[in-house]
Amino acid sequence: IWKDNNNQDGIRPEKITVELLANGEKTDKTLTLDEKNNWSGSFTDLDAKKKGKDIQYSIAEVSVPKGYKSIITGDATKGYIVTNTHTTHRTTTGKKTNHTSGTNTGMETNVRFYSLSTIVSLLAIAFFRRRFVK
Numbered sequence: 004i005w006k007d008n009n010n011q012d013g014i015r016p017e018k019i020t021v022e023l024l025a026n027g028e029k030t031d032k033t034l035t036l037d038e039k040n041n042w043s044g045s046f047t048d049l050d051a052k053k054k055g056k057d058i059q060y061s062i063a064e065v066s067v068p069k070g071y072k073s074i075i076t077g078d079a080t081k082g083y084i085v086t087n088t089h090t091t092h093r094t095t096t097g098k099k100t101n102h103t104s105g106t107n108t109g110m111e112t113n114v115r116f117y118s119l120s121t122i123v124s125l126l127a128i129a130f131f132r133r134r135f136v137k
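Under the working numbering, the letters of the sequence shown match residues 4 to 137, in that order.
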């Protein structure tokens, strides 16, 4: 599942890799998920036991895409769901902004305003102190 407002910021990868874990240990089995396979797949022909003990299978996303937070829910019986969430960036007008292109997101304006206000205040204090305090 992609929670990124339909790839609004254009950073969704073309594919992800999920690896199979057996009792928390890596196996040599991986799946590549992409649009072609509807971002789904399955591991088949898995052993149920190892040295007479049940194997507990789980999955992990090999490399979480930059800018995304990955959460895996579900279980080996019902299936796992990998949810990659990215908080999209919007201006107050609702238009898309690209935070890497230098587009003003509002934060820069606030910093400039408060910096300028501080400088003006300090200059005013210095002026009045020189003029009225002797």
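Even for Gly, the Cβ is constructed at its ideal location relative to N, Cα and C.
Remember, it's a predicted structure, so these values are computed and weren't measured experimentally.
The Cβ neighbour count for V123, taken over all protein chains shown within 10 Å, is under 16; the residue is labelled exposed. Counting every other CB atom within 10 Å of its CB across the protein chains shown gives N10 a total below 16, marking it as exposed. A contact is defined here as three or more CB-CB pairs under 8 Å, and the segment 71 to 78 fails this definition with respect to the segment 25 to 40. When DSSP states are grouped into helix, strand and coil, V65 belongs to the coil group. Here D37 is not near T88, since their CB atoms are 9 Å or more apart. Take the alpha-carbon of D12 and the one of G44: they are about 26 Å apart. CA-to-CA, the gap between Y83 and T76 works out to about 6 Å.
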